[in-house]
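**Student:**
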Amino acid sequence: MYWEKEIETIPRESLLELQLTRLKESLKKASASPFYGKVFKEMGFDPSQFHSIEDLQSIPFTTKEDLRRNRPYGFTAVPKKKLIRVHLSSEIIDDRALAVFHTADDIDQWADVMARSMAMTGMSDNDVFQNMLPYGLLTGGLGFHYGAEKIGALVIPAGVENSRRQIQLMQDFETTVIHISPIYALHLSVVFQEIGIDPRKHTHLKTAFIGAEPHSEKTRDKIEELFGIKVFNSYGLSEMNGPGVSFECPARMGMHVWEDHFFVEIIDPNTLKPVSDGQPGELVLTTLLRQGMPLLRYRTRDLTRVIPEPCKCGRTHKRIERISGRTDDMMIIKGVNIYPSQIEKKLANLPGTGPNFMIILEREGLNDHMIIKVEVQKEFFSGNLKQLENLRQKIIEALKTDIPITPKVKLVEPNTLAKIEGRFVRVIDNRKDLYF
Ligand code: AMP
Ligand code: ZN
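Sequential numbering of the sequence shown, starting at 1, is according to the working numbering.
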């Protein structure tokens, strides 16, 4: 079940050597981008003087804010004619999403890690692979698609077709492997039930790849039970291509990060110092091969830990644990990343609102609801209900464009929303995991 056995099982010492060589190259490549060119110049750093992996500590972290400030082309390290594809991350900041650019080689390398990830679970050219994540600007669809084609599986690019159609495709073409979000998998099982088909008996399904949003071991167990399949966790983020950063092997005890493509650090999000293997912290990644847009010490904001013990499967690449949370206030709703600051900006543009607001997230069955309590100026509460309702509608309209669900908006009097130690409470997430 190896795609590239030599590299997947490479001894750690050789892997470290390879990483050092690739880090040097990556730093050189990065220095050609306007952003890193300037950073290196300001700090008097010469990539040719980079000699050991420890030297990486002197390079500053890169943040989402850096990407935002320097978009669209501030991080590209090759002439534009070398770029062949752009993908967007799923959050909108200042009305735009972050863009990540790829060269032809980058796309090929990405397909390699995807093929390696899927082959590791036993998928082969005998399989029929139904890819049920959106195709297009986001990374989940095309990322898996190219990897599955590389393996030689028969790919059904189903994308976001409706559920009955998905089931029909599964049955017609005898799908064996699916890529699906955890919440959609649970929803699809309900549709199976509605039409009276038992996916355990009347389909050829055997494997699912799930990811893109946090989910628990219990949710995985439930999906396995409902479909009678094996479920593998897939982790990635658009800034690092998308899927293919880290994937579960058959041992299913953590996800291997492909360390020949990504250099892994775990830092304490408060002190920003590295923690030792086994300790929890924020995942920081450096691209080792990407040419179009190398990223150095990128703070993912995702919390995890490295599992120090060697894996039973024989692969030597480090494993990380299931993502346990975030070090920022990003919410994932229907696969779309949303920050309270986006909502704050929208509200700030609407006269009458302020000073505070609060987002409450609830889950009812498989549906997420967002309730936003917005403080509005006192005069709106003078009895003119129509005026109040107009403002409420304006707020809903303004917010709807960035959020995949229509929020419920409640208007409240100024200075009535809770504060903790003088600070606004922006988000209360009451969404329980689907299955605890
Ligand atoms: P995007 O860049 O829009 O693909 O979103 C990437 C983010 O989605 C990551 O930084 C994580 O917070 C989250 N994410 C992706 N895959 C997983 C996963 N398997 N488990 C938990 N969170 C995930
Ligand atoms: Zn393993």
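Glycine included, C-beta positions come from ideal geometry on N, C-alpha and C.
Using a Cβ-based criterion (distance less than 7 Å to any ligand heavy atom), does Ala119 qualify as near ligand 2?
**Tutor:** As a working mapping, residue 119 is identified with position 119 in the sequence shown. Ala119: no, Cβ never under 7 Å from ligand 2.
**Student:** In this structure, does DSSP put Gly211 in helix, strand or coil?
**Tutor:** Against the sequence shown, residue 211 aligns to sequence position 211. Strand, per DSSP.
**Student:** Is it true that the segment 76-88 meets the segment 20-40, where meeting means three or more beta-carbon pairs spaced less than 8 Å apart?
**Tutor:** Enough Cβ pairs lie closer than 8 Å, so yes.
**Student:** Report the option in Ile359, Thr9 and Ser14 whose CA atom is closest to the CA atom of Gln342.
**Tutor:** Within the sequence shown, numbered from 1, the residue matching residue 342 stands at position 342. Ranking Ile359, Thr9 and Ser14 by Cα distance to Gln342 puts Ile359 first.
**Student:** Are Asn438 and Gly211 touching if we call contact CB-CB under 8 Å?
**Tutor:** Nothing can be reported for residue 438, as the shown portion of the chain is limited to 1 through 436.
**Student:** Taking only runs of the alpha helix (DSSP H) that begin and end inside the segment 91-130, which ones reach a length of at least 4 residues, in chain order?
**Tutor:** As far as the segment 91-130 is concerned, its whole alpha helix (DSSP H) runs of at least 4 residues are 104-120.
**Student:** Using a 10 Å radius around the Cβ and a threshold of 16 neighbouring Cβ atoms, would you call Ser90 buried or exposed?
**Tutor:** Locating residue 90 in the sequence shown gives position 90, counting from the first residue. Buried: at least 16 other Cβ atoms inside 10 Å.
**Student:** So if I measure from each beta-carbon to every heavy atom of ligand 2 and keep distances below 5 Å, which residues remain?
**Tutor:** Those satisfying the condition are, in chain order, Cys249, Ala251, Cys311, Cys313 and Arg315.
**Student:** Quick check on DSSP: helix, strand or coil for Gly335?
**Tutor:** Residue numbering aside, residue 335 sits at position 335 when the sequence shown is read from its first letter. If DSSP states are grouped into helix, strand and coil, Gly335 belongs with coil.
**Student:** Apply the 10 Å Cβ neighbour rule to Met43 and answer buried if 16 or more other Cβ atoms are within range, or exposed otherwise.
**Tutor:** Taking the sequence shown and counting its residues from 1, one reaches residue 43 at position 43. Looking at its Cβ environment, which holds fewer than 16 other Cβ atoms inside 10 Å, Met43 is exposed.
**Student:** Buried or exposed, going by whether 16 or more other CB atoms sit within 10 Å of the CB of Gln166?
**Tutor:** Within the sequence shown, numbered from 1, the residue matching residue 166 stands at position 166. So Gln166 ends up on the buried side.
**Student:** Ligand 1 and Ala212: does the residue's C-beta get closer than 7 Å to at least one heavy atom of that ligand?
**Tutor:** Looking up residue 212 in the sequence shown gives position 212. Result yes, Cβ under 7 Å from ligand 1.
**Student:** Buried or exposed: which applies to Gln393, given that a residue is buried once 16 or more other Cβ atoms fall within 10 Å of its Cβ?
**Tutor:** As a position in the sequence shown, residue 393 is number 393, starting the count at 1. It is exposed - the Cβ of Gln393 has fewer than 16 other Cβ atoms within 10 Å.
**Student:** Report the three-state DSSP secondary structure of Tyr135 (helix, strand or coil).
**Tutor:** Numbered from its first residue, the sequence shown carries residue 135 at position 135. Coil at Tyr135, not helix or strand.
**Student:** Residues in the same chain with beta-carbon distance under 6 Å from Phe129, minus the five sequence neighbours each way, listed in chain order, please.
**Tutor:** If you number the sequence shown from 1, residue 129 lands on position 129. Correct list, in chain order: Ala148, Ala153, Val155 and Val177.
**Student:** DSSP three-state call for Met443: helix, strand or coil?
**Tutor:** With the chain covering 1 to 436 only, the question about residue 443 has no answer from this structure.
**Student:** When you compare each of Thr207, Lys218, Gly196 and Arg315 to Met255 by their alpha carbons, which one comes out closest?
**Tutor:** Stepping through the sequence shown from its first residue, residue 255 is reached at position 255. Out of Thr207, Lys218, Gly196 and Arg315, Arg315 has the C-alpha closest to the C-alpha of Met255.
**Student:** Determine the burial state of Leu16: buried for a count of at least 16 other Cβ atoms within 10 Å of its Cβ, exposed for fewer.
**Tutor:** On the sequence shown, residue 16 is found 16 positions in, with the first residue counted as 1. With fewer than 16 Cβ atoms within 10 Å of its Cβ, Leu16 is classed as exposed.
**Student:** Just to check, is the beta-carbon of Ile405 closer than 7 Å to a non-hydrogen atom of ligand 1?
**Tutor:** Within the sequence shown, numbered from 1, the residue matching residue 405 stands at position 405. Every heavy atom of ligand 1 is 7 Å or more from the Cβ of Ile405, so no.
**Student:** Hey, how far is the Cα of Phe436 from the Cα of Glu389?
**Tutor:** Against the sequence shown, residue 436 aligns to sequence position 436. Against the sequence shown, residue 389 aligns to sequence position 389. With a pLDDT of 43 at Phe436, under the threshold of 50, the modelled position of that residue is not reliable, and the figure given next carries that caveat. C-alpha separation (whole angstroms): 39 Å.
**Student:** Determine, using beta-carbon pairs with one atom in the segment 103-121 and one in the segment 248-265, whether at least three such pairs fall under 8 Å.
**Tutor:** Yes, the segment 103-121 is in contact with the segment 248-265.
**Student:** Return the CA-CA distance between Gly325 and Gly383, expressed in angstroms with no decimal places.
**Tutor:** On the sequence shown, position 325 is the one that residue 325 refers to. On the sequence shown, position 383 is the one that residue 383 refers to. The straight-line gap from Cα to Cα measures roughly 43 Å.
**Student:** Hey, out of Asn70, Thr416 and Asp402, whose CA is closest to Gln377's CA?
**Tutor:** Within the sequence shown, the letter at position 377 stands for residue 377. Checked all of Asn70, Thr416 and Asp402; the closest Cα to Gln377 is Thr416.
**Student:** Excluding the five sequence neighbours on either side, which residues of its own chain have a C-beta within less than 6 Å of the C-beta of Phe247, listed in chain order?
**Tutor:** Along the sequence shown, one-based indexing puts residue 247 at 247. Cβ neighbours of Phe247 beyond the five flanking positions: Ser117, Ser234 and Met255.
**Student:** Give me the residue from Leu391, Ile372 and Met370 with the minimum Cα distance to Phe380.
**Tutor:** Working through the sequence shown from its first residue, we reach residue 380 at position 380. Checked all of Leu391, Ile372 and Met370; the closest Cα to Phe380 is Leu391.
**Student:** Are the beta-carbon atoms belonging to Arg305 and Glu282 less than 8 Å from one another?
**Tutor:** Locating residue 305 in the sequence shown gives position 305, counting from the first residue. Locating residue 282 in the sequence shown gives position 282, counting from the first residue. Against a cut-off of 8 Å, the Cβ pair of Glu282 and Arg305 comes out as no contact.
**Student:** Starting from Leu20, trace the alpha helix (DSSP H) in both directions and tell me its first and last residue.
**Tutor:** As a first step, residue 20 is located in the sequence shown; it is residue number 20 there, counting from the start. Where Leu20 is concerned, the enclosing alpha helix (DSSP H) stretches over Arg12 to Ala30.
**Student:** Pull up the distance between the alpha-carbon of Met293 and that of Val100, whole angstroms please.
**Tutor:** Taking the first residue of the sequence shown as position 1, residue 293 is located at position 293. Taking the first residue of the sequence shown as position 1, residue 100 is located at position 100. Going by the C-alpha atoms only, they are around 7 Å apart.
**Student:** Is Tyr298 helix, strand or coil by DSSP?
**Tutor:** By 1-based counting over the sequence shown, the position of residue 298 is 298. Three-state DSSP puts Tyr298 in a strand.
**Student:** Look up Thr62 in the DSSP assignment and say whether it is helix, strand or coil.
**Tutor:** The sequence position of residue 62 within the sequence shown is 62, counting from 1. Strand.
**Student:** Determine the DSSP secondary structure at His256, reduced to helix, strand or coil.
**Tutor:** Along the sequence shown, one-based indexing puts residue 256 at 256. Strand at His256.
**Student:** At a cut-off of 7 Å, is Arg423 close to ligand 1 when judged by its beta-carbon and the heavy atoms of the ligand?
**Tutor:** Locating residue 423 in the sequence shown gives position 423, where the first residue counts as 1. Flag unset: Cβ of Arg423 not near ligand 1.
**Student:** Can at least three beta-carbon pairs, one atom from the segment 422-436 and one from the segment 348-368, be found at a separation below 8 Å?
**Tutor:** Judged by Cβ distances under 8 Å, the segment 422-436 makes contact with the segment 348-368, as three or more pairs qualify.
**Student:** For a test of your reading of the model: does the CB of Gly236 fall under 7 Å from any non-hydrogen atom of ligand 1? Yes or no.
**Tutor:** Stepping through the sequence shown from its first residue, residue 236 is reached at position 236. At least one heavy atom of ligand 1 is nearer than 7 Å to the Cβ of Gly236, so yes.
**Student:** Taking the alpha helix (DSSP H) that Ser440 belongs to, which residues open and close that run?
**Tutor:** With the chain covering only 1 through 436, there is no way to say anything about residue 440.
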